[in-house]
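The listed protein sequences derive, respectively, from chains C and B.
Quick note on the working numbering: the first sequence kicks off at 1 and runs consecutively.
Quick note on the working numbering: the second sequence kicks off at 1 and runs consecutively.
Using N, Cα and C, we set each Cβ at its ideal position, and we do this for glycine too.
Before any comments, here is the structure.
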Amino acid sequence: MYLKNIILNSFRNLGKVNIEFGKGLSFIIGENSQGKSNLIEAIYLLLTFRSLKTNYYEDMISFRSDFFYIKGLLIIKDKNQVIEVVGEKGKGKRLRINNKIQTNPDYLGNRFPAVIFTPENYNIIKGMPSHRRSYLNFQISQINPQYFHNLKQYNKILIQKNIILQERTKNMDILDSWDQQLIEYGAELIIKRDMVVKKINSLMKSIYKNIISHEEIDMVYKTFIINDVLSDKNKIIDIWKKMTLKTRNEEIKKGFSLYGPHRDEISFFMNGKEVKSFASQGQIKSILLALNLAEIYFVFEESGEYPIVLFDELFSELDNKRIENIFNALPKDIQIFITEVDKSKIKSKSGEWFKVEQGQVKKD
Amino acid sequence: MKLYSDSFEKLINELSRLPGIGPKTAQRLAFFILKMQKEEAESLAFAIQEVKNKIHYCKVCNNLTESDICNICSDQNRNKEIICVVEEPNDLIAIEKTRGFRGVYHILLGRISPMDGLGPEDIKIDSLVGKVKKGGIREVILAINPNVEGEATALYIAKQLKPFSVKITRLAHGLPMGADLEYADEVTLTRAMEGRSEMFST
Numbered sequence: 001m002y003l004k005n006i007i008l009n010s011f012r013n014l015g016k017v018n019i020e021f022g023k024g025l026s027f028i029i030g031e032n033s034q035g036k037s038n039l040i041e042a043i044y045l046l047l048t049f050r051s052l053k054t055n056y057y058e059d060m061i062s063f064r065s066d067f068f069y070i071k072g073l074l075i076i077k078d079k080n081q082v083i084e085v086v087g088e089k090g091k092g093k094r095l096r097i098n099n100k101i102q103t104n105p106d107y108l109g110n111r112f113p114a115v116i117f118t119p120e121n122y123n124i125i126k127g128m129p130s131h132r133r134s135y136l137n138f139q140i141s142q143i144n145p146q147y148f149h150n151l152k153q154y155n156k157i158l159i160q161k162n163i164i165l166q167e168r169t170k171n172m173d174i175l176d177s178w179d180q181q182l183i184e185y186g187a188e189l190i191i192k193r194d195m196v197v198k199k200i201n202s203l204m205k206s207i208y209k210n211i212i213s214h215e216e217i218d219m220v221y222k223t224f225i226i227n228d229v230l231s232d233k234n235k236i237i238d239i240w241k242k243m244t245l246k247t248r249n250e251e252i253k254k255g256f257s258l259y260g261p262h263r264d265e266i267s268f269f270m271n272g273k274e275v276k277s278f279a280s281q282g283q284i285k286s287i288l289l290a291l292n293l294a295e296i297y298f299v300f301e302e303s304g305e306y307p308i309v310l311f312d313e314l315f316s317e318l319d320n321k322r323i324e325n326i327f328n329a330l331p332k333d334i335q336i337f338i339t340e341v342d343k344s345k346i347k348s349k350s351g352e353w354f355k356v357e358q359g360q361v362k363k364d
Numbered sequence: 001m002k003l004y005s006d007s008f009e010k011l012i013n014e015l016s017r018l019p020g021i022g023p024k025t026a027q028r029l030a031f032f033i034l035k036m037q038k039e040e041a042e043s044l045a046f047a048i049q050e051v052k053n054k055i056h057y058c059k060v061c062n063n064l065t066e067s068d069i070c071n072i073c074s075d076q077n078r079n080k081e082i083i084c085v086v087e088e089p090n091d092l093i094a095i096e097k098t099r100g101f102r103g104v105y106h107i108l109l110g111r112i113s114p115m116d117g118l119g120p121e122d123i124k125i126d127s128l129v130g131k132v133k134k135g136g137i138r139e140v141i142l143a144i145n146p147n148v149e150g151e152a153t154a155l156y157i158a159k160q161l162k163p164f165s166v167k168i169t170r171l172a173h174g175l176p177m178g179a180d181l182e183y184a185d186e187v188t189l190t191r192a193m194e195g196r197s198e199m200f201s202t
């Protein structure tokens, strides 16, 4: 899978852009705040219909315009896919694939998987638990549409249940109807999360050891049910049901749902110590890169297709040896976009070069 | 600055309260009504008044009717032992169009949804339980929409009816007829797989 061509209009500071990309490496060179990251964001939005920095699409519209437009030509197994994303002031953002408007654009499944590094990724380790949950949800949804559906249903049920708990209405019998569904959908989420964290973790561990350093790193999934039953749906449902009955009065008193995947966590460890509490910025970056590489192989194993890789500000805080190791660890048939200020830092012989200057993108 | 006269603005406001009608469409409709013949406009107003005056809910099943009891409930050829439970009168119409169902209906006039302020006591569940309690009902078919609110409603009703000796069934979820497996979305396909049925079952 690769992005052959992109056309942009009025996306953040980028003016009219129309460029062709190669199948492999693309280096995007430019001084700070010329639009490099905006180009990465546009590609990411095109592939995933998600934004990076803000969830509010109007912020992505250039101040000179009332809309932004992104069009990409994607080649998947020799087939052309034309993707268009339009954001219009006051009208929301829309997605068209091969000229067909998508009625359910947030639905990620079977779309175009992407792996991304941006400075925002530090939140996966240092941010709030909700950052890690949404990271995990994104990874699983990209390869499993059923998961995305279950997640949406779960969130809706949770809202409905919490309203009953908050209102303390007289008829608490109705809680059973919501709990039964919450548990059913929640169990599916737990099983998938456990499975995916284990898969990505085993890839990440060996990648880290091979290309970065000898330390033992681990990503661990934590939920409210003991680890050894997490692959067994019936057992999860059984345990959860019992907990629900036992804690119902407490839930009514507190006014919210005490247990469920909406309170899950993932933690990162280095030699058994939690990374968040001691690791340096450089160490965290190394772990995040190992995680990115693991995601690439994970998507490939699950879908048979390599994702498109976007690395924004990859090289800062990394020494040349590590950069070289990372390049060597990347699969060959994969499209990668890398932004960089300092051209001399890149020693790659292959690849294409693009220059970003004052919102203009040109082949170099 | 005031753009419209009071009465015209009032009409636009009233029209924009209708579902699917935004301020722009409301304005277009209001202009259209303004240009109508007087008799035409009055006939529209009268039709609105008339449905509000004449149509009410059936005393037995909550269907829309102009008499006390609706056509279906008063039909002697209908099997009163089988009740099909639906959310709204238009769901009833959808099933009636199939001509495949010869039982009677019970319309809930809503579904349980706490975020819309609707609990079990706000829809017609009690009267359904009352009917079943009275006896003479063999089967209750829950034909409620397959979303989380519909599911919560169905689970709650099933629980209320459990003490009585009545068969409780619900519609199958799965693939639409004429669909190609290749093009079915994965969620539907998974549901259809879970709800598969045996061929030649006896």
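Best match in the options for proximity to residue i [C-alpha to C-alpha]
i              : options                        : result
E265 (chain C) : C:I338, C:K246, C:M219         : C:M219
K199 (chain C) : C:K222, C:Y297, C:L165         : C:Y297
N104 (chain C) : C:Q81, C:A114, C:E357, C:H149  : C:H149
I211 (chain C) : C:I76, C:S62, C:K363, C:I323   : C:I323
C61 (chain B)  : B:A47, B:E87, B:F46            : B:E87
K332 (chain C) : C:N171, C:S350, C:G35          : C:S350
E167 (chain C) : C:K254, C:V82, C:F315          : C:K254
K362 (chain C) : C:L165, C:W178, C:K36, C:K23   : C:K36
Y154 (chain C) : C:I190, C:Q142, C:L165, C:V341 : C:I190
E50 (chain B)  : B:E66, B:G136, B:K35           : B:E66
G150 (chain B) : B:A192, B:L15, B:V85           : B:V85
L3 (chain B)   : B:K80, B:Q27, B:S16            : B:Q27
N123 (chain C) : C:Y135, C:V115, C:A114, C:H262 : C:Y135
L39 (chain C)  : C:G15, C:Q142, C:E58           : C:G15
D312 (chain C) : C:D173, C:I143, C:I116         : C:I116
V86 (chain C)  : C:I97, C:K126, C:P261, C:N80   : C:I97
L175 (chain C) : B:S113, B:E198, B:L189         : B:S113
L161 (chain B) : B:K24, B:K10, B:L128, B:N13    : B:L128
R138 (chain B) : B:K80, B:R191, B:I55           : B:K80
K131 (chain B) : B:I95, B:V166, B:R78           : B:V166
R196 (chain B) : B:A172, B:G178, B:D185         : B:A172
Nearest-angstrom Cα separation, counted from residue j out to residue i
i              : j              : result
R102 (chain B) : D122 (chain B) : 28 Å
L8 (chain C)   : L175 (chain B) : 40 Å
D180 (chain B) : S277 (chain C) : 53 Å
V229 (chain C) : G72 (chain C)  : 44 Å
Y156 (chain B) : V148 (chain B) : 12 Å
L291 (chain C) : M204 (chain C) : 5 Å
R64 (chain C)  : S43 (chain B)  : 50 Å
G110 (chain B) : L118 (chain B) : 8 Å
K89 (chain C)  : G135 (chain B) : 60 Å
D75 (chain B)  : H106 (chain B) : 15 Å
P163 (chain B) : V104 (chain B) : 22 Å
I33 (chain B)  : A41 (chain B)  : 6 Å
I28 (chain C)  : W353 (chain C) : 6 Å
Residue(s) in a DSSP beta bridge with residue i
i              : result
K219 (chain C) : Note that residue 219 (chain C) is Met in the sequence shown here, rather than Lys. In DSSP, M219 (chain C) forms a bridge with C:F268.
N79 (chain B)  : B:G103
C58 (chain B)  : BP columns for C58 (chain B) are empty, so no partner.
F117 (chain C) : C:F311
I190 (chain C) : DSSP, once it has assigned bridges, lists no residue as partnering I190 (chain C).
E340 (chain C) : C:I29
C84 (chain B)  : B:Y105, B:I141
I163 (chain C) : According to DSSP, which records beta bridges pairwise, I163 (chain C) is partnered with nothing at all.
Within chain B, the residues that residue i reaches when beta carbons sit closer than 8 Å
i              : result
K156 (chain C) : V148
Q366 (chain C) : Limits of chain C in this structure are 1 at one end and 364 at the other, which puts residue 366 (chain C) out of reach.
Closer than 7 Å at the beta carbon, the chain C residues around residue i
i              : result
K159 (chain B) : D176
Cross-chain neighbours of residue i in chain C, by beta carbon under 8 Å
i              : result
T190 (chain B) : Q146
Cross-chain neighbours of residue i in chain B, by beta carbon under 9 Å
i              : result
N171 (chain C) : G119, P120, E121
Q180 (chain C) : E151, A152, L155
I252 (chain C) : The premise fails here: I252 (chain C) is roughly 14 Å from chain B at the closest Cβ pair, so nothing lies under 9 Å.
I6 (chain C)   : Going along chain B, no residue has its Cβ under 9 Å from I6 (chain C), so there is no contact; the nearest lies around 28 Å.
I164 (chain C) : P114, G119
Partner residues on chain B for residue i, Cβ-Cβ distance less than 7 Å
i              : result
Q102 (chain C) : Those within 7 Å of Q102 (chain C) in chain B number zero; the least Cβ separation is about 12 Å.
I159 (chain C) : M115
8 Å Cβ cutoff, residue i in contact with chain A
i             : result
N99 (chain C) : Note that chain A does not occur in the displayed structure, where the protein chains are C and B.
### Query
Between the region 110-128 of chain B and chain C, which residues of the former have a C-beta closer than 7 Å to a C-beta of the latter?
Along the region 110-128 of chain B, going in chain order, the ones with a CB nearer than 7 Å to a CB of chain C are I112, S113, P114, M115, G119, P120, E121.
### Query
At a Cβ cut of 9 Å, what residues of the region 139-156 of chain B count as close to chain C, listed as they run along the chain?
Here the close residues are N147, V148, E149, E151, A152, T153, A154, L155, Y156.
### Task
Using a Cβ-Cβ cut-off of less than 7 Å, list which residues of the region 141-153 of chain C approach chain B; keep chain order.
Under the 7 Å Cβ criterion, the region 141-153 of chain C contributes P145, Q146, H149, Q153.
### Message
Which residues of the region 191-209 of chain C have a Cβ closer than 7 Å to any Cβ of chain B? Give them in chain order.
### Response
Answer in chain order: no residues at all.
### Message
Output needed in chain order: residues of the region 72-93 of chain C with a Cβ under 8 Å from some Cβ in chain B.
### Response
Here the close residues number zero.
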